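Heads up, the thing below is written out as structure tokens.
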Amino acid sequence: MTDCLTIPSAHPPRVLMTLDAVGGVWRYAIDLARGLRDAGCGVTLAGFGPRPEAAKQQEAEAVGTLDWCDAPLDWMCESEAQLRDVPAEMKRLIRTHRPDVVQVNYPSQAARLDVQVPVVAVSHSCVATWFAAVRGTELPTNWQWQARLNRAGFDRADAVVAPSRAHAALMERTYGPITELRAVHNATSAPEADGPGGERVIAMGRWWDDGKDGATLDAAAGMTGWPVTMLGATTGGNGTHLDVRNAEAPGEMDHARALDHLRHAGAFVAPSIHEPFGLAVAEAARAGLPLVLSDIPTFRELWDGAAVFVPPRDPTALADALNHLAAAPERRRALGTAARTRAARYTPAAQTHGMLDLYATLPATEAA
Numbered sequence: 001m002t003d004c005l006t007i008p009s010a011h012p013p014r015v016l017m018t019l020d021a022v023g024g025v026w027r028y029a030i031d032l033a034r035g036l037r038d039a040g041c042g043v044t045l046a047g048f049g050p051r052p053e054a055a056k057q058q059e060a061e062a063v064g065t066l067d068w069c070d071a072p073l074d075w076m077c078e079s080e081a082q083l084r085d086v087p088a089e090m091k092r093l094i095r096t097h098r099p100d101v102v103q104v105n106y107p108s109q110a111a112r113l114d115v116q117v118p119v120v121a122v123s124h125s126c127v128a129t130w131f132a133a134v135r136g137t138e139l140p141t142n143w144q145w146q147a148r149l150n151r152a153g154f155d156r157a158d159a160v161v162a163p164s165r166a167h168a169a170l171m172e173r174t175y176g177p178i179t180e181l182r183a184v185h186n187a188t189s190a191p192e193a194d195g196p197g198g199e200r201v202i203a204m205g206r207w208w209d210d211g212k213d214g215a216t217l218d219a220a221a222g223m224t225g226w227p228v229t230m231l232g233a234t235t236g237g238n239g240t241h242l243d244v245r246n247a248e249a250p251g252e253m254d255h256a257r258a259l260d261h262l263r264h265a266g267a268f269v270a271p272s273i274h275e276p277f278g279l280a281v282a283e284a285a286r287a288g289l290p291l292v293l294s295d296i297p298t299f300r301e302l303w304d305g306a307a308v309f310v311p312p313r314d315p316t317a318l319a320d321a322l323n324h325l326a327a328a329p330e331r332r333r334a335l336g337t338a339a340r341t342r343a344a345r346y347t348p349a350a351q352t353h354g355m356l357d358l359y360a361t362l363p364a365t366e367a368a
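Numbering-wise (full-length UniProt numbering), the sequence shown opens with residue 1 and increments by one.
This is how it looks when you write it as structure tokens:
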């Protein structure tokens with residue numbers, strides 16, 4: 001029988017967790033680090049990619065030790081060679097901070113990682129599953145090295161985590177069977193509110209990403225009685241861009257301002273084609289907004305019975321659903337209450353407990 005790392009309350013583990021400052025992993029890592037810290041864990045946040053601005057750096061340092069690395073993120077690289085220093089950088093981090101558990105939020109960071117410490121790989125998303133869900137194809141040849149590195153990371157890790165069962169299933173359809181794969185739902189610490197509010201539809205996302213399908217929402221906005229606001233960037237770092245013609249697109253803004261917009265909206269919409277979890281939906285649900293969601297497996301898993309579902313890529317159906325809600329204030333209130341009740345499942349405490357339970361199953365080893 002395998003000896004396991006137990007986590008009694010008197011001796012919670014020291015956790016080394018990777019993160020970046022440019023994507024959604026930041027919010028996940030900060031919220032989880034805060035929960036682990038409150039549970040008594042020592043937390044080191046190991047940053048990769050572009051360095052954070054001062055406000056983000058302060059936010060990270062408030063929940064743990066921050067150690068930023070001179071190594072890139074896999075999705076910002078053009079070739080595998082650009083990641084050759086990542087294993088050595090991970091070893092340096094482990095020697096310096098001597099964690100009991102290493103959690104990488106990019107599975108490629110576990111590839112070729114020869115250390116005597118348990119490794120958890122969390123797959124929030126990846127280009128291979130994105131292409132499978134959004135394009136319905138395999139990766140282009142020049143990106144297949146990313147899938148190989150992710151596969152190597154899955155094989156190296158002692159446990160692999162997806163943010164939903166639906167995404168775990170997509171991972172195995174894309175990569176084949178993955179040993180020790182399980183789902184731990186993501187969480188939000190967004191404040192609750194007594195929505196719905198004003199006569200406006202709101203959406204949040206990185207709209208340059210075709211997986212968010214902002215084009216369908218913008219087309220629907222030309223057919224809705226209520227104005228539609230699409231919060232978030234419309235241009236990505238790789239030059240991709242969504243030209244918004246019918247909705248209002250104020251651009252990217254800080255998290256607090258975005259949450260304030262939610263509190264003043266009458267409905268929330270997410271037209272995504274691909275969504276491993278959908279944190280913005282959970283934040284809107286906490287605000288008591290009625291949810292109108294594309295009918296994809298992740299949203300069905302998380303919100304079935306607490307949202308209106310519409311076929312993906314169908315702007316007419318989306319506009320019809322939004323117009324029906326606009327005309328039915330009692331239904332909006334009932335759906336908002338149902339969404340807020342369901343969101344109570346996706347709390348930082350539940351996420352923290354899920355990860356601590358997972359850490360407790362890992363093989364007991366010493367940091368290298």
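C-beta: ideal position from N, C-alpha, C; glycine also. From a predicted model like this one, the values you see are computed outputs, not experimental measurements.
Since residue i and residue j are thought to touch, with beta carbons under 8 Å apart, how far apart are those beta carbons, to the nearest angstrom?
i	j	result
Gly47	Leu66	7 Å
Pro196	Arg332	5 Å
Ala111	Leu139	The Cβ separation is near 16 Å, so there is no contact.
Leu45	Leu19	6 Å
Gly288	Glu199	The pair is not a contact, with the Cβ atoms about 16 Å apart (cut-off 8 Å).
Val127	Val102	Incorrect: roughly 23 Å between the Cβ atoms, too far for contact.
Ala247	Leu279	Incorrect: roughly 21 Å between the Cβ atoms, too far for contact.
Ile273	Val134	5 Å
Trp130	Gly214	Actually they are not in contact, since the Cβ atoms of Trp130 and Gly214 sit about 15 Å apart, beyond 8 Å.
Gly153	Pro107	3 Å
Phe277	Pro163	4 Å
Ala334	Ala306	Actually they are not in contact, since the Cβ atoms of Ala334 and Ala306 sit about 10 Å apart, beyond 8 Å.
Asp158	Leu362	5 Å
Could you name the residues that DSSP lists as bridge partners for residue i?
i	result
Ser294	Val310
Asp213	According to DSSP, which records beta bridges pairwise, Asp213 is partnered with nothing at all.
Asp67	Ala46
His11	None, per the DSSP bridge assignment.
Met76	According to DSSP, which records beta bridges pairwise, Met76 is partnered with nothing at all.
Met230	Ala203
Decide if residue i is buried, meaning its Cβ has at least 16 other Cβ atoms within 10 Å, or exposed.
i	result
Thr6	Low local confidence applies: a pLDDT of 40 at Thr6 is under 50, so the model's placement there is unreliable, and no value is given.
Asn105	buried
Gln109	buried
Asn238	exposed
Glu78	exposed
Tyr359	buried
Gly136	exposed
Ala193	buried
Asp31	buried
Thr174	buried
residue 395	No statement about residue 395 is possible, as the shown extent of the chain runs from 1 to 368 and does not include it.
Pro13	buried
Asp243	exposed
Pro250	exposed
Sufficient close CB pairs (3 or more, under 8 Å) joining the region 227–240 to the region 258–274: yes
Entirely enclosed alpha helix (DSSP H) segments - the region 158–208, minimum 4 residues: 165–175
With contact counted as at least three CB pairs below 8 Å, one residue from each stretch, are the region 204–224 and the region 320–327 in contact? yes
Touch test, the region 120–127 against the region 152–171, Cβ-Cβ under 8 Å, three pairs minimum: yes
Is there contact between the region 29–37 and the region 347–354, where contact requires at least three CB pairs shorter than 8 Å? yes
Is there contact here, the region 202–219 with the region 171–183, by at least three beta-carbon pairs under 8 Å? no
Are the region 48–66 and the region 77–84 touching by the rule of at least three beta carbon pairs closer than 8 Å? no
Counting only runs that start and end within the UniProt domain "Glycosyl transferase family 1" (250–341), where is the beta strand (DSSP E) found for 3 or more residues in a row? 267–270, 291–294 and 308–310
Jot down the residue ranges of each uninterrupted beta strand (DSSP E) in the region 112–154, minimum 3 residues, whole runs only, in chain order. 119–122
Check whether the region 292–304 touches the region 241–256, taking contact to mean three or more Cβ pairs, one atom from each stretch, closer than 8 Å. no
Give a yes or no on contact between the region 336–348 and the region 283–295, applying the rule of three or more CB pairs nearer than 8 Å. yes
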